[in-house]
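Asker:
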Amino acid sequence: MSHTIADANTSVTFINAWAASCRGDAEIPQCSFDSASLFPPRELAYCGWTPTTGKIATKRFVFDKEKLGILKPAAAAAAASPESQVNEPTRVEAVSAFFWKHFVELSKSKADSKSHKIVAAVHPVNLRPRMNPPLPDHAFGNLWIYAIAVTALTAEEDKGYSNLAGVLSNTLRNINSNHAKQLQSGDEYLCALKKVTELLSKGELEVCFFTSWCRFPVYEVDYGWGKPTWVCTTTFPFKNLVVLMTTSCGEGIEAWVNMLEEDVARFERDHMYPFFAAENFSS
């Protein structure tokens, strides 16, 4: 299904409805098609991300229940800040901040010492549950928005794991019903997105892109011959992209990481191996 007309939420809803029809279920999920009345379509110039030039490698990292039990308390240290909106970061936020931290460190190791480049964590957010009143899960369309958290390579105090986790979590929390209402009535988000793409084209911004399928019922899809034992996505032609999916047991997270081939060995050796081989994790 093309992303031009539907997001991941809609795609999974459609697949589950298709499966229910194949099984002959009495109740089949029905999509609602009134999203355009809430967010009227506009004639817009394309402002998406350009596919990466160069060879992309994809690596899979699995965070089991024990590894998540290490990351979440470390990320929760950000909740001690008085200005924080975070009581306890989610599993997705903890894992996303973990990769953001290491992408920042990798970028710094390759950058000039005087570089003022900004490294942004970009996370799509499902607007359905954040509307007032909330939209049903089966609302058809592209009902999401980018949440963009930023840090500078020169901001030493902001690159600790718990701090980055706090920045990311607060950014995601800010996508609320008030924000959704502003999207319906103004062009602020489009202007902000245009500014981001301009910084990206000038080389002043590096993006770590995250997308989470963790709450989607992909393991419930049953066409009549049983539920899947393993689900993954197709590859994407973008560097520094992390796709998060719930493991089949439901207790862990799989992270599919796209990187330039030239960065893979250093990333695994210097950033991934120390965590996955260690018993403890320090922020």
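Taking my numbering, the leading residue of the sequence shown gets 9, the next gets one more, and so forth. All C-beta atoms, glycine included, are put in the ideal place defined by N, C-alpha and C.
Between the C-alpha atoms of L143 and S117, what's the straight-line distance to the nearest angstrom?
Answerer: Working through the sequence shown from its first residue, we reach residue 143 at position 135. Working through the sequence shown from its first residue, we reach residue 117 at position 109. The alpha-carbon atoms of L143 and S117 are separated by roughly 44 Å.
Asker: Under the rule that 16 or more other beta-carbon atoms within 10 Å means buried, what is S290, buried or exposed?
Answerer: For the purposes of this step, residue 290 is identified with residue 282 of the sequence shown, where counting begins at 1. Because the pLDDT of S290 is 44, which lies under 50, any placement of that residue in the model is unreliable, and the question is left without a value.
Asker: In this structure, does DSSP put S185 in helix, strand or coil?
Answerer: As a position in the sequence shown, residue 185 is number 177, starting the count at 1. Looking at S185 - three-state DSSP - the assignment turns out to be helix.
Asker: Let me check understanding here. Comparing Cα to Cα, which of L79, A188, N182 and N248 lies closest to E214?
Answerer: Residue numbering aside, residue 214 sits at position 206 when the sequence shown is read from its first letter. For E214, the nearest C-alpha among the options comes from N248.
Asker: Can you give the Cα-Cα distance for W26 and T254, rounded to whole angstroms?
Answerer: Start at 1 with the first residue of the sequence shown, and residue 26 comes out as number 18. Start at 1 with the first residue of the sequence shown, and residue 254 comes out as number 246. Straight across, the Cα-Cα distance linking W26 with T254 is about 22 Å.
Asker: Do you know whose CA, among N171, V239 and K125, lies nearest E20's CA?
Answerer: For the purposes of this step, residue 20 is identified with residue 12 of the sequence shown, where counting begins at 1. It should be pointed out that residue 20 corresponds to Val in this sequence rather than to Glu. Nearest of N171, V239 and K125 to V20, Cα basis: V239.
Asker: Buried or exposed for K75, please, with buried defined as at least 16 other CB atoms from any protein chain shown within 10 angstroms of its CB.
Answerer: On the sequence shown, residue 75 is found 67 positions in, with the first residue counted as 1. Flag for K75 reads buried.
Asker: State the beta-bridge partners of V127 as determined by DSSP.
Answerer: Locating residue 127 in the sequence shown gives position 119, where the first residue counts as 1. Bridge partners of V127: T159 and E214.
Asker: Assign E101 to buried or exposed, taking buried as 16 or more other Cβ atoms, counted over all protein chains shown, within 10 Å of its Cβ.
Answerer: Along the sequence shown, one-based indexing puts residue 101 at 93. With 16 or more Cβ atoms within 10 Å of its Cβ, E101 is classed as buried.
Asker: Suppose you measure from the CA of H279 to the CA of S115; what does that come to, to the nearest Å?
Answerer: In the sequence shown, the residue the question calls residue 279 occupies position 271. In the sequence shown, the residue the question calls residue 115 occupies position 107. Roughly 12 Å separates the two Cα atoms.
Asker: Please tell me whether W221 and R68 are closer than 7 Å, where the distance is taken between their beta carbons.
Answerer: Your numbering for residue 221 matches position 213 in the sequence shown. Your numbering for residue 68 matches position 60 in the sequence shown. Going by C-beta atoms, W221 is not nearer than 7 Å to R68.
Asker: Less than 8 Å between C-beta atoms, sequence neighbours within five positions excluded: which residues of the same chain meet that for V272?
Answerer: Reading the sequence shown from its first residue, position 264 is the one you call residue 272. Excluding residues within five positions, the ones whose Cβ falls inside 8 Å are A65 and K67.
Asker: Are the CB atoms of E262 and V130 within a distance shorter than 7 Å?
Answerer: Walking along the sequence shown from the start, residue 130 turns up at place 122. Walking along the sequence shown from the start, residue 262 turns up at place 254. V130 places its beta carbon 7 Å or farther from that of E262.
Asker: Tell me where the beta strand (DSSP E) around W264 begins and ends.
Answerer: Counting from one through the sequence shown, the residue named residue 264 turns up at place 256. I261 to L268 is the span of the beta strand (DSSP E), which, as asked, contains W264.
Asker: What does the Cβ neighbour count give for I297, buried or exposed, with the cut at 16 atoms within 10 Å?
Answerer: Shown here, the chain extends from 9 to 291; a query on residue 297 therefore has no answer.
Asker: Between L140 and S185, how many whole angstroms is the CB-CB distance? I'm expecting something under 8 Å.
Answerer: In the sequence shown, counting from the first residue as 1, residue 140 sits at position 132. In the sequence shown, counting from the first residue as 1, residue 185 sits at position 177. Reading off the sequence shown, one finds Asn at residue 140, where the question assumed Leu. Contact between N140 and S185 holds, with the beta-carbon distance rounding to 4 Å and staying under 8 Å.
Asker: Can you name the residues that DSSP bridges to F69?
Answerer: The count along the sequence shown starts at 1 and reaches residue 69 at position 61. Paired residues: A263.
Asker: Of the residues P48, R277 and H146, which one's Cα is nearest the Cα of Q38?
Answerer: Residue numbering aside, residue 38 sits at position 30 when the sequence shown is read from its first letter. Looking from the CA of Q38, the closest CA among P48, R277 and H146 belongs to H146.
Asker: In terms of residues, what are the limits of the beta strand (DSSP E) holding A254?
Answerer: The residue you call residue 254 lines up with position 246 of the sequence shown. The sequence shown places Thr at residue 254, not Ala. Run containing T254: L249 to T254, per the beta strand (DSSP E) assignment.
Asker: Can you check whether the CB of S177 is closer than 7 Å to the CB of P97?
Answerer: The count along the sequence shown starts at 1 and reaches residue 97 at position 89. The count along the sequence shown starts at 1 and reaches residue 177 at position 169. Cβ atoms of P97 and S177: closer than 7 Å.
Asker: Grouping DSSP H, G and I as helix and E and B as strand, with all else coil, what is S45?
Answerer: Counted from its first residue, the sequence shown places residue 45 at position 37. In this structure, S45 counts as helix in the three-state DSSP scheme.
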